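Accompanying notes for the structure given below.
Residue numbers (this note's numbering): 467 to 693.
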C-alpha cells in the first residue's frame, strides 16, 4: 500500500527546493551567443575606402563588439541577483548596452555599402517632406559628420516611430540614440572608421562615404518601420 505520508513529504521537499531556487536569484538560461553578420558587399569595390580599412573595421571593431556582447551576456546569465552588488550589475548592464548598440549600429553602417541604389519613392518623399530636399538632408548629415571629426560618435538618419518622421541624430558612446528610432543610415565617426585611409582628414572620409552610400538597406528598413 502506498505511503501517503511519504509522498506528501516528498512533494513538500520539492516545493521547498523550488521556492529556494526561485527566491535565490538563481542563474537564468544563457541566451544564444550573437554571431557576426557577414559583409553584404565586396570590400574591395567601395570607392574612396580601402579594402584593408573596411576589413579591419569589420574584423576588429564590429566583430569585437559582437564577441564582447556574447561574453557580457554569458556573465550576466550566471549572476545570483540576490547577492550581486549593485555596482557590478550596473557596470555589466551599461557595458551590455554599449556592446549591443555598437553591434547594431555597425551593422547599419556596413549595410550602407553595396551596389548603388537610390532612395525608394516612399523614402524619397519622406526625405523631401522632413528636410525640404535631398540636398538639404545630405548637407546636414555630412556637416554633422564633419563636426564630429576629431571626436567620436555616430551620425544616423533615423525614423521616429512616435512622430512618424525622419531626423538626423547624433549619437556618442553607442548609447545616445533616439529611444524610438529606427536607424536607416549610419555614419561611423570613430577614428577606427577612417584613420587608416585618411589620417586626421575626417572631412575627406565623410565626403567619400556620402559618394559611396547605397540606399538599398535603408529602403528596406524604412518600408518596415513606416508601415
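C-beta: ideal position from N, C-alpha, C; glycine also.
In this text the structure is predicted, and so the values were computed from the model without any measurement.
Closest by C-alpha distance to residue 596, when choosing among 623, 617, 648:
Sequence index remark: in the chain shown, residue 596 carries index 130 (1-based). The shortest CA-to-CA distance from residue 596 to any of 623, 617, 648 is the one to 623.
What is the DSSP secondary structure of residue 491, reduced to helix, strand or coil?
Sequence index remark: in the chain shown, residue 491 carries index 25 (1-based). Note that residue 491 scores 48 on pLDDT, short of 50, meaning its location in the model is unreliable; the coordinates nonetheless yield the value given after this. If DSSP states are grouped into helix, strand and coil, residue 491 belongs with coil.
Please name the residue in 628, 598, 636 whose C-alpha comes closest to that of residue 613.
For this step, residue 613 is matched to residue 147 along the chain shown. Checking every option, the nearest Cα to that of residue 613 belongs to 636.
What does a CB cutoff of less than 6 Å around residue 649 pick up in its chain, not counting 5 residues either side in sequence?
Along the chain shown, read from residue 1 onward, the residue named residue 649 stands at position 183. For residue 649, where only same-chain residues beyond five positions count, the Cβ hits under 6 Å are 574, 622, 624.
Contacting residues, own chain, Cβ-Cβ under 6 Å from residue 673 (five flanking each side not counted):
Counting from one through the chain shown, the residue named residue 673 turns up at place 207. When the five nearest sequence neighbours on each side are left out, no beta carbon in the same chain lies closer than 6 Å to the beta carbon of residue 673.
Does the ligand NAD have even one heavy atom less than 6 Å from the beta-carbon of residue 606?
The ligand NAD is absent from the structure shown, which contains no ligand whatsoever.
Taking residue 592 as the reference, which of 608, 558, 629, 661 has the closest Cα?
Translated into positions along the chain shown, residue 592 becomes position 126. Residue 629 is the option with its Cα nearest to residue 592.
Use the C-beta contact count for residue 515: other C-beta atoms within 10 angstroms, 16 or more gives buried, fewer gives exposed.
By one-based count along the chain shown, residue 515 stands at place 49. By the 10 Å Cβ count, residue 515 comes out buried.
Pick out whichever of 618, 524, 507, 517 has its Cα sitting closest to the Cα of residue 668.
Indexing the chain shown from 1 puts residue 668 at position 202. When each option's Cα is compared against that of residue 668, the closest is 618.
Three-pair Cβ contact test at 8 Å for the region 600–608 versus the region 517–537:
Put simply, the region 600–608 does not touch the region 517–537. Fewer than three CB pairs are less than 8 Å apart.
Can you tell me whether DSSP reads residue 762 as helix, strand or coil?
Residue 762 cannot be examined here, being either before or after the span of the chain that is shown, 467 to 693.
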